Amino acid sequence: MTGKKEFKVKFRGVRGSYPVCSSDQIKYGGNTSCVEIVANGKLIVLDAGTGIINLGSDLVKDYIASGTSPENRKPIEAVLLFSHSHLDHIQGFPFFKPAYIKSSSIYMYGFRPRSKDFEQVLAETIFDPIFPIELKEMSAQIKISNLHETQAIIIHPDKIEPEVIRVTEEHELTAPDDAILIRCAKSYAHPKDGVLMFRITYNGKSVVYASDKESYIGGDSKFATFARNTDLLIHDAQYTTEDYVSPIIPKQGYGHSTPDMAIEAAKLANAKQLVLFHLDPNYNDDFLEKMEIRAKGMFQNLLMAYEGLEIDLMQPAVSFRKKD
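Shown next as structure tokens:
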């Protein structure tokens, strides 16, 4: 599933809040947040909602097919980036099969909320005592690090472990040829600790991931600068405007955007393509289809995220595979 000079994005889980499996929610899928990126043969995973479970199964199939024994199989290597530690973004990780294979190398990055290391947050939230094993009992070589918005990650083509560097405003940050550059920015408009947003750049192309980000009146100029001219913007669009301002249960302040907010962000950033993401679990296929049609009338190069959607950033125009 890897290859040189490629830069591909695959959506593994697109729902927010909690997973769903109703018969009228098949087209867009019911798993929570997880996006797979393969660039220059390197695997990067954005968030570990339940969508990461199927990704892990596919990785293990490839691993088994790569050789006849553990000694001659190609080890699984992955970089996991976490926007934050809410349950719908981490709940799939205990079921991520590569984490139970000794030869796997997994590097995980998330920010440090409320004076707790990110590793401690994971250990206390999705493992003991609510899961039969502890994080430290996983067999793989796992390294978990705190990540701050003043830091960036460089994934070198000839190294397994990524390099974390400090970002200074005095110099424009660049990466060596064939390396992948990951920058992050923090949005504080998501209770209670905010979220990290990521910009992944490779071979002159970029994708920006902005899940669980609520917008501001008049737009978010800081985010527009961060996402400027990106080839692909994956942006939270959980609620319709009607639900967002509902007089019964308003969603303002919940830390999520509407399609209109996502489109405004894409226009301000001059994004070439927009995918609406983190879809509300209460919305069925028919409802989301209508949302997508309306949104396309406002921003033509737009897609509603669905499980299995693939985008090839090395192609000059929108390139995606329809769900079977």
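Residues 507 to 830 (this note's numbering) make up the sequence shown, in order.
Each residue gets a CB set at the ideal place from its N, CA and C atoms; glycine is no exception.
Remember, it's a predicted structure, so these values are computed and weren't measured experimentally.
Between the Cα of residue i and the Cα atoms of the options, which residue gives the shortest distance?
{"i": "residue 519", "options": "621, 533 and 529", "result": "533"}
{"i": "residue 807", "options": "798, 603 and 592", "result": "798"}
{"i": "residue 699", "options": "579, 627 and 743", "result": "627"}
{"i": "residue 615", "options": "606, 595, 521 and 634", "result": "595"}
{"i": "residue 609", "options": "702, 593, 813 and 582", "result": "582"}
{"i": "residue 538", "options": "784, 800 and 652", "result": "784"}
{"i": "residue 691", "options": "703, 682 and 681", "result": "703"}
{"i": "residue 588", "options": "637, 689, 765 and 571", "result": "689"}
{"i": "residue 601", "options": "746, 586 and 562", "result": "562"}
{"i": "residue 727", "options": "693, 612 and 743", "result": "693"}
{"i": "residue 603", "options": "557, 522, 531 and 574", "result": "557"}
{"i": "residue 586", "options": "791, 759 and 659", "result": "659"}
{"i": "residue 730", "options": "710, 772, 759 and 644", "result": "772"}
{"i": "residue 673", "options": "667, 643 and 653", "result": "653"}
{"i": "residue 670", "options": "681, 679, 657 and 682", "result": "657"}
{"i": "residue 813", "options": "629, 746, 748 and 522", "result": "522"}
{"i": "residue 555", "options": "590, 578 and 569", "result": "590"}
Spatial neighbours of residue i within its chain, please: C-beta separation below 7 Å, excluding the five flanking residues on both sides.
{"i": "residue 735", "result": "776"}
{"i": "residue 684", "result": "546 and 663"}
{"i": "residue 560", "result": "518"}
{"i": "residue 749", "result": "757"}
Secondary structure at residue i, three-state DSSP: helix, strand or coil?
{"i": "residue 647", "result": "strand"}
{"i": "residue 562", "result": "helix"}
{"i": "residue 769", "result": "helix"}
{"i": "residue 811", "result": "coil"}
{"i": "residue 538", "result": "strand"}
{"i": "residue 779", "result": "coil"}
{"i": "residue 473", "result": "A question about residue 473 goes unanswered here, because the residues of the chain that appear run from 507 up to 830."}
{"i": "residue 606", "result": "helix"}
{"i": "residue 518", "result": "strand"}
{"i": "residue 568", "result": "helix"}
{"i": "residue 707", "result": "strand"}
{"i": "residue 584", "result": "strand"}
{"i": "residue 820", "result": "coil"}
{"i": "residue 760", "result": "coil"}
{"i": "residue 833", "result": "In this structure the chain extends from 507 to 830, so residue 833 is not present and cannot be described."}
{"i": "residue 545", "result": "strand"}
{"i": "residue 750", "result": "helix"}
Short of 6 Å in beta carbon distance, which residues of its chain neighbour residue i, apart from the five on each side in sequence? Order them along the chain.
{"i": "residue 696", "result": "718 and 761"}
{"i": "residue 634", "result": "640"}
{"i": "residue 651", "result": "615"}
{"i": "residue 732", "result": "691"}
{"i": "residue 743", "result": "763, 765, 768 and 782"}
{"i": "residue 516", "result": "542 and 816"}
{"i": "residue 655", "result": "690, 691 and 692"}
Label residue i either buried or exposed according to how many other C-beta atoms from any shown protein chain fall within 10 Å of its C-beta, with 16 as the threshold for buried.
{"i": "residue 713", "result": "buried"}
{"i": "residue 527", "result": "exposed"}
{"i": "residue 751", "result": "exposed"}
{"i": "residue 788", "result": "exposed"}
{"i": "residue 571", "result": "exposed"}
{"i": "residue 821", "result": "exposed"}
{"i": "residue 800", "result": "exposed"}
{"i": "residue 624", "result": "buried"}
{"i": "residue 621", "result": "exposed"}
{"i": "residue 632", "result": "buried"}
Excluding the 5 residues preceding and the 5 following residue i in the sequence, name in chain order all residues of the same chain whose CB lies nearer than 8 Å to its CB.
{"i": "residue 779", "result": "737, 738, 739, 807, 808, 809, 817 and 824"}
Can you round the beta-carbon distance between residue i and residue j to whole angstroms, since I take them to be within the 8 Å contact cut?
{"i": "residue 541", "j": "residue 708", "result": "Residue 541 to residue 708, Cβ: 15 Å. No contact."}
{"i": "residue 606", "j": "residue 645", "result": "5 Å"}
Quick one: does residue i have its CB under 9 Å from some CB of chain D?
{"i": "residue 756", "result": "Here chain D cannot be found, since the structure has a single protein chain."}
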